[in-house]
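Going by my numbering, the first residue of the sequence shown is number -8, and it counts up by one from there. Beneath this line is the structure, given in structure tokens, with notes to follow.
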Amino acid sequence: MVLSLKDSNGKALTGLADDIEMSVEFTADSNSARQRETVTAPSLGAVEEISAGVYRSVLTAGSQAGTVRVTAKVQGKTFTLNIKQAAVIDSDVSTADSSFTLDGDS
């Protein structure tokens, strides 16, 4: 997950890695077709600033189909992203990066 933070003048907000609170909630699909003996929940890594005003936290998928809700809180604002996760089949695992940008206006 990549979060780009800028002020109202478009200037990058730096040095906020310790002030960004990220959380993840997972709701499993009730009709998940694939059951596993061991269920792994999605998880988020630590927030790090990777360039001026750009922060990253690695989201690791869980092992069940369902909905992942990621929430970021910074400077009194809350941003939420809902992600639909399909059942993970080992041969379908991708290591490709993905990101999203929150503009603070929505």
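Cβ coordinates follow ideal geometry from the N, Cα and C atoms, glycine included.
Here Glu12 is exposed. Its C-beta has fewer than 16 other C-beta atoms within 10 Å. Secondary-structure assignment with DSSP links Met13 through a beta bridge to Ala63.
For the pair Ser(-1) and Ala43, the Cα-to-Cα distance works out to about 16 Å. DSSP places Ala8 in the helix class (H, G or I) of the three-state scheme. A Cβ-Cβ separation of about 18 Å leaves Thr71 out of contact with Gly53 under the 8 Å criterion.
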